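First the structure, in the form of structure tokens, and then the observations on it.
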Amino acid sequence: MSKTLVNGFNIERLLERFNEKFGVLDNSAADDFTSDGSAADGSAADNKVQQFFAPGRVNLIGDHTDYTGGFAFPCGIDSGSLLLIRRTRDNQFRFASTNFDMFAQLSKDQINKTYGDNWINYPLGVLDQFVKRGFDIDGIDCLFSGNVPNGAGLSSSASIEVVTAFAINEIFACGLSLMELVKMSQAAENDFVGMQCGIMDQFAVAMARDNHAILLNCETLEHRQIPLALNDFAIVLANTNQRRELNESAYNERVAECGRALALLQQHLPIKALGELQEADLEAHKGLFEQDNIAYLRAKHVSSENARVHAAVPALEQGDLIQFGRLMNASHDSLRDCFHVSSEPLDHLVTAARAHPGVVGSRLTGAGFGGCTVNLLHKDSVNQFVKNVGDIYQTKTGLTADFYTIAPGAGVRALNA
Ligand code: GLA
């Protein structure tokens, strides 16, 4: 049988897995369906297995700014989450994944609470958003398959949330806009999963375009698609493969610390969000932070990181990749020294990368505390880079890094429309 490979997924094999897990639905007994499987009421919803895909994302610059109403500059990647889904109308919610050996079946009164700390909290959180808006979601079978490494800072969770929201919106004909689905996916993470993340990941995963990165104002959600013209350069991700611990609580702590910094500054400055803070204004009001140096450092990162995003995007547009790389380096240093979200393995990877010929920028990407670095380097250096940096990293840390050259990919979509 010929293989249909979509973003590295073998669709035929996944459809077989779907049928193994959930069985073939018998339509003949269901008056609600017409003979071709579409709903008798003429809506777009039907009981055919449908396929959807959402990518992961990598943030090129502008980290820990989104929840302060600042700026970020992410792009989609070519790996992500594939979802095979069908409507069942039996008020049962079945979840399986090819990545984990698990199967869960929940009834309607069980989907409004978390399911241990299992990954299905991401789709459950999204379903909860639909239910809260009054949509009658009357049963689904879902098979997820992901090829974004978990915990690598590449938004595997946002990609699951967004692909779920997009699919539910399609098959239940909810008529919600993509922007609304982005906000619901973020709310699923904030309210259901308990991670006080900003909107960058869900936004990028939904809105990404091939060969573009998105300059995103996280306060207003205004955004601009910027062509990612890399010329002789390549973007290579390096995964520390460090086990991330304390990730969620340390992340929420940073959100709270930024809130403290904002409250202090608001005593003297008319700002509504920390993301509006200019570096010079922070220095002029440094005295406010006498009792809270941590809050000062967090504000210093946020204000300088926003300035770096504003400098990096024109540099890219002018083809000045060297300057873009310098700003990436400064971003990492600030995330390490002021925001305290780097880790020893991340710093080793960054140091080894920067010392390698042809590399113009290297920084952690995403939340930090482990995960990936993003590296900008000459195309011709990639093979040597992977070998040398991988070797140095292994010697320093005992860990083996994985490397991926990314192709900036498009956002969430139906595959069999
Ligand atoms: C995580 C969060 C995002 C963002 C980044 C850091 O990926 O989900 O909202 O805050 O960390 O930039």
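Throughout the sequence shown, residue numbering follows my numbering, covering 607 to 1023 in sequence. We put the CB at the ideal spot given by N, CA and C, even for glycine. Here the structure is a predicted model, which means the values were calculated and not measured.
1. Helix, strand or coil for H938, going by three-state DSSP, please let me know.
2. Let me make sure I understand the geometry here. Which of A702, L712, S987 has the alpha-carbon closest to that of I743?
3. Which class does A905 belong to by DSSP, given the choice of helix, strand or coil?
4. Just to confirm the assignment, what range does the alpha helix (DSSP H) spanning Q657 have?
5. Determine which residues share a DSSP beta bridge with Q833 and list them.
6. DSSP on D997, reduced to helix/strand/coil?
7. Let me check one thing: in DSSP terms, what residues is G752 bridge-paired to?
8. Does the separation of the CB atoms of R818 and Q802 fall below 9 Å?
9. Less than 8 Å between the CB of T846 and some heavy atom of the ligand GLA, yes or no?
10. What three-state label does DSSP hand Y673 in the structure shown?
11. Using a 10 Å radius around the Cβ and a threshold of 16 neighbouring Cβ atoms, would you call H874 buried or exposed?
12. Can you tell me whether A1020 sits near the ligand GLA, meaning its C-beta is under 8 Å from at least one heavy atom of the ligand?
13. Following the continuous beta strand (DSSP E) through Q735, name the residue where it begins and the one where it ends.
14. What does a CB cutoff of less than 8 Å around D696 pick up in its chain, not counting 5 residues either side in sequence?
15. Relative to the alpha-carbon of F628, which residue among A678, L922, C681, L690 has its alpha-carbon at the smallest distance?
16. Looking at the secondary structure, which residues open and close the beta strand (DSSP E) in which H984 lies?
17. Consider the C-beta atom of I805 and the heavy atoms of the ligand GLA; say whether any pair is separated by less than 8 Å.
18. Threshold first: 3 residues or longer. Then list the beta strand (DSSP E) segments lying entirely within the region 744–807, N to C.
19. Look up Y1010 in the DSSP assignment and say whether it is helix, strand or coil.
20. So is the beta-carbon of N912 under 8 Å away from any non-hydrogen atom of the ligand GLA?
21. Apply the 10 Å Cβ neighbour rule to I841 and answer buried if 16 or more other Cβ atoms are within range, or exposed otherwise.
22. Please list, in chain order, all residues of the same chain as E885 whose beta carbon is under 7 Å from its beta carbon, the five residues on each side excluded.
23. Quick check: is any heavy atom of the ligand GLA less than 8 Å from the C-beta of S855?
24. Skipping 5 residues on each side, what residues in its chain have a beta carbon closer than 7 Å to that of G1015?
25. Report yes if the C-beta of E795 is less than 8 Å from at least one heavy atom of the ligand GLA; otherwise report no.
26. Hey, Q656 and A773 are a contact pair by Cβ (cut 8 Å); roughly how many whole angstroms apart?
27. May I ask you to report which of helix, strand or coil DSSP gives S634?
28. My understanding is that V811 touches V768, with C-beta atoms under 8 Å, so please give their C-beta distance in whole angstroms.
29. In or out: A869 buried (at least 16 other Cβ within 10 Å) or exposed?
30. If we ignore side chains and look at the alpha-carbon of each, how far apart do L982 and D707 end up?
31. Which same chain residues end up closer than 6 Å to T971 when comparing Cβ atoms and leaving out the 5 residues on each side of it in sequence?
32. In the DSSP output, what is R700 paired with across the bridge?
33. Who are the near neighbours of V915 in its chain, counting only those whose CB is closer than 6 Å to its CB and skipping five residues on each side?
34. Looking at S968 and A959, is the spacing between their C-beta atoms short of 9 Å?
35. Is it buried or exposed, S783, if we count other Cβ atoms within 10 angstroms and call 16 or more buried?
36. Should Q792 go down as buried or exposed, given a rule of 16 or more other Cβ atoms within 10 Å for buried?
Straight from the coordinates:
1. Looking up residue 938 in the sequence shown gives position 332. In the structure shown, H938 sits in a helix (DSSP, three-state: H, G or I).
2. Within the sequence shown, residue 743 is the residue found at index 137, counting from 1. For I743, the nearest C-alpha among the options comes from L712.
3. As a working mapping, residue 905 is identified with position 299 in the sequence shown. The answer is helix: DSSP assigns A905 an H, G or I state.
4. Taking the first residue of the sequence shown as position 1, residue 657 is located at position 51. No alpha helix (DSSP H) contains Q657, which is instead part of the beta strand (DSSP E) from 656–665.
5. Taking the sequence shown and counting its residues from 1, the one referred to as residue 833 is at position 227. According to the sequence shown, residue 833 is Pro rather than Gln. P833 pairs with H818.
6. Here residue 997 refers to the residue found at position 391 when the sequence shown is read from its first residue. Residue state, collapsed to three classes: helix.
7. Here residue 752 refers to the residue found at position 146 of the sequence shown. DSSP output for G752 lists S687 as bridge partner(s).
8. Taking the sequence shown and counting its residues from 1, the one referred to as residue 818 is at position 212. Taking the sequence shown and counting its residues from 1, the one referred to as residue 802 is at position 196. In the sequence on display, residue 818 carries His and not Arg. Their beta carbons are not under 9 Å apart, which means H818 does not touch Q802 by this criterion.
9. Working through the sequence shown from its first residue, we reach residue 846 at position 240. No - the ligand GLA has no heavy atom lying nearer than 8 Å to the Cβ of T846.
10. Taking the sequence shown and counting its residues from 1, the one referred to as residue 673 is at position 67. Of the three classes helix, strand and coil, the one that applies to Y673 here is helix, per DSSP.
11. The residue labelled residue 874 in the question sits at position 268 within the sequence shown. So H874 counts as exposed.
12. Residue 1020 sits at position 414 when you count from the first residue of the sequence shown. Checking the Cβ of A1020 against the ligand GLA gives no.
13. For the purposes of this step, residue 735 is taken as the residue at position 129 of the sequence shown. Element bounds for Q735: not the beta strand (DSSP E) but the alpha helix (DSSP H), 727–738.
14. Reading the sequence shown from its first residue, position 90 is the one you call residue 696. The residues are D744, G745.
15. In the sequence shown, residue 628 corresponds to position 22, counting from 1. Selected option, being the one with the closest Cα: L690.
16. Counting from 1 along the sequence shown, the entry for residue 984 is found at position 378. Here the beta strand (DSSP E) through H984 covers 978–984.
17. In the sequence shown, residue 805 corresponds to position 199, counting from 1. Yes, the beta carbon of I805 sits closer than 8 Å to at least one heavy atom of the ligand GLA.
18. 746–752
19. Position 404 of the sequence shown holds residue 1010. DSSP places Y1010 in strand when its eight states are reduced to three.
20. Taking the sequence shown and counting its residues from 1, the one referred to as residue 912 is at position 306. It does not: the Cβ of N912 is nowhere closer than 8 Å to a heavy atom of the ligand GLA.
21. Locating residue 841 in the sequence shown gives position 235, counting from the first residue. Burial call: buried.
22. On the sequence shown, position 279 is the one that residue 885 refers to. Taken in chain order, the residues that qualify are S909, S910, A913.
23. What you label residue 855 is simply residue 249 of the sequence shown in a count that begins at 1. False, no ligand heavy atom lies under 8 Å from that Cβ.
24. Working through the sequence shown from its first residue, we reach residue 1015 at position 409. P661, G682, I683, D684, A814, D816.
25. Start at 1 with the first residue of the sequence shown, and residue 795 comes out as number 189. True, at least one ligand heavy atom lies under 8 Å from that Cβ.
26. For the purposes of this step, residue 656 is taken as the residue at position 50 of the sequence shown. For the purposes of this step, residue 773 is taken as the residue at position 167 of the sequence shown. Yes, they are in contact, since the Cβ atoms of Q656 and A773 sit about 7 Å apart, within 8 Å.
27. The residue you call residue 634 lines up with position 28 of the sequence shown. Since pLDDT at S634 reaches only 40, below the 50 mark, its modelled position is unreliable, and no value is offered.
28. On the sequence shown, position 205 is the one that residue 811 refers to. On the sequence shown, position 162 is the one that residue 768 refers to. Contact holds; Cβ gap of about 5 Å.
29. Residue mapping note: residue 869 aligns to position 263 of the sequence shown, counting from 1. Result: exposed.
30. The count along the sequence shown starts at 1 and reaches residue 982 at position 376. The count along the sequence shown starts at 1 and reaches residue 707 at position 101. Approximately 36 Å, taken between the alpha carbons.
31. Position 365 of the sequence shown, counted from the start, is the residue given in the question as residue 971. So the list reads V664, N665, G759, C978, V980, once near-sequence residues are dropped.
32. Taking the first residue of the sequence shown as position 1, residue 700 is located at position 94. In DSSP, R700 forms a bridge with Q711, D747.
33. The residue given as residue 915 occupies position 309 in the sequence shown. I667, G668, F677, F679, listed in sequence order.
34. Looking up residue 959 in the sequence shown gives position 353. Looking up residue 968 in the sequence shown gives position 362. It is a contact, given that the beta carbons lie within the stated cut-off.
35. Locating residue 783 in the sequence shown gives position 177, counting from the first residue. Answer is exposed; the Cβ neighbour count stays below 16.
36. The residue you call residue 792 lines up with position 186 of the sequence shown. Answer is buried; the Cβ neighbour count reaches 16.
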